Each structure stands twice: as structure tokens, then as C-alpha cells.
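To start, the structure itself, in C-alpha cells.
There are 2 protein chains.
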Amino acid sequence: MPPQHQVTLAQVAEAAGVSIATASRAINGSTRKVSEVIRARVRRTAEELGYLPNLSAQTVVKGASPTVAVLVSDIADPYFSAISSGIMAGARQAGLMVTMATSERRSADERDMIRTFRSQRPRAIVVVGSRWDEDPEAQAIEEQLTAYQQAGGRVVMVSQGPSPFDLVEIQNVEGARALAHALVDQGGQHFGVVLGYRGLRTNADRLAGFAQGLAERGITLQEETVAEGAFTRDGGYAAMGELLGRDLELDTVFATSDLMAFGAGTAMREAGLQPGVQIGLAGFDNIALSEDVTPALTTVDVPLGQIGRHAMDLALSDHEEARTIEIPTSVILRASTPVR
Amino acid sequence: MPPQHQVTLAQVAEAAGVSIATASRAINGSTRKVSEVIRARVRRTAEELGYLPNLSAQTVVKGASPTVAVLVSDIADPYFSAISSGIMAGARQAGLMVTMATSERRSADERDMIRTFRSQRPRAIVVVGSRWDEDPEAQAIEEQLTAYQQAGGRVVMVSQGPSPFDLVEIQNVEGARALAHALVDQGGQHFGVVLGYRGLRTNADRLAGFAQGLAERGITLQEETVAEGAFTRDGGYAAMGELLGRDLELDTVFATSDLMAFGAGTAMREAGLQPGVQIGLAGFDNIALSEDVTPALTTVDVPLGQIGRHAMDLALSDHEEARTIEIPTSVILRASTPVR
DNA sequence: AGCCTATTGGAAAACGTTTGCCGAACGCAA
DNA sequence: TTGCGTTCGGCAAACGTTTTCCAATAGGCT
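The listed protein sequences correspond, in order, to chains Y and X.
Okay, so the first sequence: first residue is 20 according to this note's numbering, each after it adds one.
Okay, so the second sequence: first residue is 20 according to this note's numbering, each after it adds one.
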């Protein structure tokens with residue numbers, strides 16, 4: 020680590036002919052006032068010398084840094100990057116910096132990153148991304164976060180419920196259920212599901228909601244029409260391939276994320292099926308490009324940017340007991356699911 | 020800012036019955052050794068008490084924080100999120116944290132963010148995103164970065180050349196030129212361009228390279244066949260609309276980014292033109308979904324993840340004079356540009 | 001004039017670390 | 001035994017801030 024030598028407050032004070040205390044008060048403000056003339060002089064001096072406050076020093080004495088730490092599974096995934104974008108917008112408004120890390124969906128890494136975050140003494144830690152059902156690290160992670168919270172930090176989980184912390188919950192069950200209704204209403208009868216890892220609660224919820232929605236229309240989702248894969252574009256491609264190999268008669272496929280739907284769509288075409296023509300295809304999330312593909316993708320809208328904002332709101336408002344914000348979802352029918 | 024009270028090194032030292040100095044050496048290691056037995060005892064105590072080193076305190080005394088600061092235009096844009104992903108992977112390997120901010124392409128914000136970054140004393144600052152041609156803040160930003168560098172920090176610019184700093188340069192001109200060749204070879208004759216803001220060097224380069232490539236095949240790109248818009252999906256949609264309104268006879272359209280191409284494609288379809296059938300469409304960047312759309316998008320591959328890695332490599336290797344890494348690009352022909 | 005209160009500058013103590021130095025303990029050769 | 005080098009623990013200074021006092025000055029009131 021190269022030594023970085025910088026202008027210090029002491030140098031500014033000296034140059035302005037005041038004490039360090041006064042310089043501090045003049046520049047970074049506090050309850051105490053400093054006379055206008057001195058204040059101006061100090062500020063000008065600081066400007067001239069190119070003084071920049073040392074955030075770490077401030078953090079040491081204040082006990083917390085003006086920072087919010089964000090942990091996401093994968094920043095290259097448009098789902099997470101859209102949420103992150105909302106978080107960063109909120110953070111900027113609140114004058115906070117953002118430190119970010121990706122867990123790559125490995126929960127041991129998640130635990131380590133949270134430890135590292137704690138070392139930074141951020142004002143809040145936001146964890147985005149579905150939790151695994153049988154996560155060996157779950158307890159360790161929760162302990163870390165609890166300790167952090169008890170030390171005065173705020174914890175916000177996005178799409179991680181149930182949990183003892185503040186929560187931003189996406190209505191996955193309801194959205195998938197409504198989607199099922201809509202698809203049946205369009206004339207779908209034989210449904211398949213391209214499912215991200217079942218162990219991720221998000222997927223489990225979306226599957227359950229979809230099955231429930233179908234059931235409410237008198238259709239039973241067969242287990243053999245569900246293919247599981249990684250919760251990524253490639254996973255969708257692979258799972259769809261598997262589904263095709265099973266030689267079922269499907270007229271509509273629901274993928275538990277838009278990203279998986281894109282992969283599934285490519286697999287369909289490679290098998291000679293045009294989504295939106297011979298077979299229907301629906302996703303979930305309504306990520307940015309889902310309306311630009313051909314055929315435009317039927318999906319369930321999740322207001323991703325808003326989610327980030329809400330997470331920051333929770334992080335900043337102080338309240339005693341944990342709160343939950345429910346994010347409503349809504350079905351968007353597009354050309355990928357034809358009316359029959 | 021809530022006071023966060025935490026276990027300190029002093030408490031660990033006390034509990035372990037050693038001095039603070041010894042505790043420090045036992046836990047965070049240094050040149051000096053501490054006997055195995057004491058070392059073990061201290062570590063165990065730290066573990067039991069849940070001690071976490073205070074990174075800010077360490078930063079204050081060491082003079083720099085184990086952090087790399089990243090500034091991107093817009094994290095929700097897949098171009099930037101893919102690069103960020105590479106950067107974060109590199110940072111993790113190097114044991115560094117990442118602090119991230121978005122400038123929203125406003126250069127005044129960019130300047131402010133860099134100031135804030137400097138306050139954090141990061142080990143490196145990475146700035147990703149094309150520079151504006153006539154940027155009123157350009158000088159202020161360069162001064163900030165120069166001062167930072169002189170204080171011992173490392174600066175890496177991605178796609179920002181020319182600049183006095185370390186540079187990761189994408190071969191935009193060459194890529195666009197090669198694309199033009201390939202499109203002419205496929206039988207294209209009447210070309211249009213959906214251009215992101217011309218003031219962004221990236222767009223200017225891609226346009227220039229494309230025009231040059233056409234010229235080398237004996238085709239002159241007419242100014243009236245170029246429509247300019249925001250460097251986003253919506254910009255592409257709007258610019259394509261404008262182009263269509265001009266009533267030209269185009270057989271192929273080059274959009275200066277995949278994102279713009281997606282928007283342009285939607286505009287084409289709304290006008291009754293099928294990309295890949297009546298009209299060719301090509302993009303630039305090869306973002307993740309470009310092969311999943313229908314028709315799959317012809318584009319110029321830019322290895323975005325690698326770019327991030329290279330940026331981190333530059334940030335970490337220490338060398339005197341500024342270096343430049345050239346990232347090669349390569350044409351990928353897909354169905355959106357039919358062979359005629 | 002005398003007193004009380006507000007205002008404002010400065011000295012110094014914190015905050016949680018790392019590290020330069022000192023000195024104690026030990027091993028070993030002479 | 002002395003002398004000397006090596007190992008390793010601890011004291012205390014430093015890092016760049018904020019904040020608690022304390023003191024000095026100014027102003028208002030009687």
C-alpha cells in the first residue's frame with residue numbers, strides 16, 4: 020500500500036492561523052459556530068491547499084462511516100444491477116457512499132463479505148438475493164448481522180424473507196399466481212416450468228404460486244413438466260433442453276426469471292419451435308430488454324429500481340422493530356404467449 | 020449516525036493478558052513474530068469475543084485503505100455492469116473492497132464523486148465510461164486525479180483515452196471498421212447509423228471506424244443516414260424512428276451499441292420491418308443477451324469481463340509511466356444481418 | 001462600575017490501530 | 001563467569017480527526 024501523503028487539517032489550521040479545533044469546526048461544521056470571517060478564511064485556505072477530509076479519521080472518532088454496504092449475488096445479472104442502481108441513487112441522495120460486493124451465490128463467501136463489511140463500520144448493510152433453503156452458513160450469517168445490528172447498524176434484506184431484519188419482499192407467489200390465471204385465460208392448457216434452483220426461496224415461491232394459480236383454474240401441474248437448472252440464462256437454456264427431451268406436449272412454458280426465459284427461448288428455437296407461435300413462453304422480473312426481444316416476452320413486472328429505493332428508505336429511517344415492505348407485482352402480457 | 024460500539028483490540032489484549040502491541044501483531048501479522056503459544060491464545064480470545072479489526076483505524080495509521088473505488092456511468096447498463104463484475108472479481112482476488120458510484124453521465128457529479136473517493140484514500144480509482152469531447156469539467160477531473168496519483172494512488176481509465184493515466188482501451192475504430200467490411204461482404208449497400216451522442220468519444224470512434232470501413236469498400240456514408248440519440252436503449256429507439264421518418268432506402272443499420280440496437284430493432288418492427296429480413300441490424304459490445312434475441316444480433320464482441328480484470332491488473336501492478344492495454348474486438352455475424 | 005450570560009477560540013483528550021524503540025530473557029561461545 | 005547476539009513482549013508515539021472542557025472577550029443589565 021503506497022503511503023499517500025495528503026494535506027491535513029493541521030496544515031490548513033496552521034496556514035489559516037487558527038487552531039485545529041477551529042479549522043475542524045469551520046470546515047466540517049458542528050453544533051458550535053465559528054465567526055463568519057474566520058470561517059471564510061479557513062475555507063479559502065483549505066481550498067487553496069487542496070485539503071480533503073480524511074474519511075477514515077472521521078470514521079474512527081465518530082464510530083461509523085458514511086457508507087452503506089451492499090451485497091448482491093451477481094452484479095452482471097440485470098436483476099441485481101437494476102436493484103443496485105436504485106440503491107445507489109438512494110445512497111447518493113442521502114450523501115452516503117456505497118461499498119459493494121458479490122457473493123456469486125456462495126454462502127461461505129457471503130458470510131466472509133459480511134464480516135469484511137462489518138470491519139468497515141457502515142451505516143447499513145443491504146443484502147440482496149434469495150436465500151437458500153438449507154444453507155449451512157445461514158446461522159453464521161444471521162449471527163453476524165444480528166451482532167452488527169446490536170452494535171447500532173441497520174440491516175435490510177431484499178427478497179430474503181422471512182427474517183428478523185427489515186425486509187423488502189417481492190410478491191413472488193401472487194405474481195406467479197396471477198400469471199398462471201392470465202395464461203390459462205389465454206387458452207394455455209399444457210404447462211411446463213423452467214425452474215431455477217428449487218433451493219432458492221424465490222424459485223420455490225414462483226413455482227408454488229404458479230402451481231396454485233393453475234390449480235385454481237382446474238389444472239394440475241405435473242412434476243415431470245418441471246425442469247430445474249441454474250438461476251441464469253444458461254440454466255434456462257439447459258432446463259428447456261431437458262424439458263424438450265422429455266417429449267411432452269406442452270403449449271406454454273413458464274421460466275422463473277426473464278433471464279432463464281431468454282435461454283429457454285433460444286433452446287426452443289434450436290429445436291424448431293417459435294416462441295409465441297407453436298409454444299408460449301413467459302418469464303418473471305420484466306428486466307429492461309424483455310420488451311425488445313422478438314417476440315416480446317410475457318412476464319411479471321417487478322419494479323426493480325423502486326426496490327432499491329425502498330431498501331435505502333428502510334436503511335435510513337430509524338425505527339425499533341423490523342419492518343417489511345411488500346412490493347407488488349403485475350402481469351404483463353406480450354407476444355411470446357399467443358392467445359389461442 | 021448511530022454509535023456502534025464494538026469489541027476493540029484493547030479488550031482482546033486485556034482478556035488474553037497481553038499488551039495491545041502483541042495482540043495487534045498476533046492478529047493482523049506484521050514483520051515481527053510473536054511466539055506460537057501466545058499467538059494462538061490471542062487469536063482464540065479474539066474469536067471468542069467476536070473481535071473485528073476496525074478498518075478505518077487501520078487506514079488512518081497506514082495511510083491508505085484496502086479499497087478500490089470504481090466510477091461508472093450507469094450500473095444498470097449491462098455494458099457497465101459486465102465490466103464492474105470483472106473489476107469486482109479482480110478486487111476480491113487481491114483482497115480489496117470495492118466502493119462504487121455512478122455518475123449518470125453528468126460530469127459535475129463525476130468530479131464530485133472523485134473528490135469523495137479521494138477522501139476515502141483508496142488504493143486505486145477506476146473510471147469507466149467514455150469521455151465527452153467538450154467537457155467543462157474535464158480539467159477539474161484531471162486535476163483531481165493527478166493530485167490523487169501524486170499522493171500515491173493509482174488511476175485507471177477504461178475507454179477514456181487519450182489520457183495521462185493508465186488506460187484500458189477498446190479497439191472501437193478497428194471493430195467498427197471490420198464490421199463495415201463484413202456487412203459489405205454480406206451484400207449490404209445502403210447503410211444507416213443509429214448513433215449515440217457524438218460528443219462521446221466511443222460513439223465518435225465507432226462512427227469514424229464504420230465510415231472508414233465503408234469507404235475502403237467504395238461506399239460513402241451520407242451524413243443524412245446518421246441519426247443521433249441518447250446512448251441508451253431509448254435513444255436507439257428514438258434515433259431509429261427519426262431515420263425511418265427520413266424516408267431513405269436503407270438495407271442495413273449499424274447502431275453504436277447493442278442496447279441502442281435493441282431499441283432500434285423495436286422501432287423497425289413497429290414500422291413493419293423485420294430486422295434480419297427486410298433490413299439488416301448490427302450492434303456493438305456483444306452484451307449477454309444479444310445472442311438470445313430473435314433474430315440473434317450481429318455485433319462486435321467486446322470482452323467486457325476481461326476489461327475489468329485488466330483494469331484491476333493495471334491498478335495493482337506498480338510501474339512508473341502510464342501504460343495502455345488495448346482490448347481487441349471481433350466481429351460476430353448473426354442472423355440480424357442477412358446474407359443477400 | 002459590577003455582574004451575569006453568550007459567544008467563540010484553543011488545549012488536550014479521545015477514537016482504534018500500527019510500529020519504533022527499549023529492555024528482559026535466553027542461548028551460546030570464549 | 002563474561003560477553004554478545006537473537007528473540008520477543010510492552011510502552012508510548014503516531015496517524016487525522018472530533019469534541020469536551022476551559023478561558024477570554026464582548027455585551028447587556030442594574
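Here a beta-carbon is modelled for each residue, glycine too, at the ideal position from N, C-alpha and C.
Note that this is a predicted model, so its numbers are computed, not measured.
For P181 of chain X, there is no enclosing beta strand (DSSP E), since its DSSP letter is neither H nor E. Any Cβ of chain Y closer than 7 Å to the Cβ of P141 of chain X would place that residue at the interface, and such an atom is absent. Note on S355 of chain X: 16 or more other CB atoms within 10 angstroms of its CB, so buried under the neighbour-count rule. Pairing G105 of chain Y with G327 of chain Y, the inter-Cα distance amounts to about 4 Å. By DSSP's assignment, V31 of chain X forms no beta bridge with any residue. With the rule of 3 Cβ pairs closer than 8 Å, the stretch 263-279 of chain X counts as touching the stretch 219-228 of chain X.
At a C-beta separation below 7 Å, I94 of chain Y has these neighbours in chain X: S100, S103, S104 and M107.
With 16 or more other CB atoms across the displayed protein chains lying within 10 angstroms of its CB, L198 of chain X is buried. Not a single C-beta of chain Y is nearer than 7 Å to the C-beta of T251 of chain X. For V80 of chain Y, the uninterrupted alpha helix (DSSP H) run begins and ends at L74 to K81, by DSSP. In this structure, the straight-line span from the alpha carbon of L214 of chain Y to that of A286 of chain Y is close to 15 Å. Contact check for F136 of chain X and A341 of chain X: beta-carbon distance about 19 Å, past the 8 Å limit, so the pair fails to qualify.
Taking the C-beta atoms as reference points, M132 of chain X is found no nearer than 7 Å to V117 of chain X. The distance from the Cβ of I57 of chain Y to that of A45 of chain Y is about 6 Å, consistent with a contact at the 8 Å cut-off. Residue environment: V87 of chain X is assigned as buried (16 or more neighbouring CB atoms within 10 Å of its CB, all protein chains considered). Looking at Y:A110, Y:T64 and Y:R252, the one whose alpha-carbon comes closest to that of A32 of chain Y is Y:T64.
R137 of chain X belongs to the set of residues whose beta carbon lies under 7 Å from a beta carbon in chain Y. Note on R265 of chain X: under 16 other CB atoms within 10 angstroms of its CB, so exposed under the neighbour-count rule. Neighbours of M287 of chain Y in chain X, taken as residues at a C-beta separation under 7 Å, are lacking, since the least C-beta distance is about 10 Å.
When DSSP states are grouped into helix, strand and coil, S84 of chain Y belongs to the strand group.
Within the stretch 216-261 of chain Y, the complete beta strand (DSSP E) segments of 3 residues or longer fall at 245-248, listed in chain order.
Of all residues in the stretch 269-283 of chain Y, those with a C-beta nearer than 7 Å to a C-beta of chain X are F281 and G282, reading in chain order.
Within the stretch 59-85 of chain X, those residues whose Cβ lies closer than 9 Å to any Cβ of chain Y are, in chain order, G69, L71, P72, N73, L74, S75, A76, Q77, T78, V79, K81, G82, A83, S84 and P85. Against chain X, a Cβ distance below 7 Å from A159 of chain Y picks out nothing, because the smallest value is about 12 Å. Within its own chain, the residues whose Cβ lies closer than 7 Å to the Cβ of A120 of chain Y, once the five positions on either side in sequence are excluded, are L90 and M132, listed in chain order. Short of 8 Å from the beta carbon of S349 of chain X, and not among the five residues preceding or following it, lie these beta carbons of its own chain, in chain order: G194, A197, V319 and D320. Between L308 of chain Y and chain X, the shortest Cβ-Cβ separation is below 7 Å. Neighbours of D311 of chain Y across chain X, judged by C-beta separation under 8 Å: R252, F281, G282, G284, T285 and V312. Between the alpha carbons of L300 of chain X and P294 of chain X lies a gap of roughly 6 Å.
In the DSSP assignment, E193 of chain Y falls within the unbroken alpha helix (DSSP H) covering N191 to D204. The beta-carbon of A170 of chain Y is placed less than 7 Å from the nearest beta-carbon of chain X.
When 7 Å is used as the limit between beta carbons, P97 of chain Y is near these residues of chain X: P97, in chain order. DSSP places V56 of chain X in no beta strand (DSSP E) but in the uninterrupted alpha helix (DSSP H) bounded by E55 to L68. Going by DSSP, F136 of chain Y is part of the alpha helix (DSSP H) stretching over S126 to S138.
The beta carbon of L74 of chain Y is closer than 8 Å to those of S84 and P85 in its chain, skipping five residues each way along the sequence. Per DSSP, the continuous beta strand (DSSP E) segment holding L300 of chain X begins and ends at G299 to A301.
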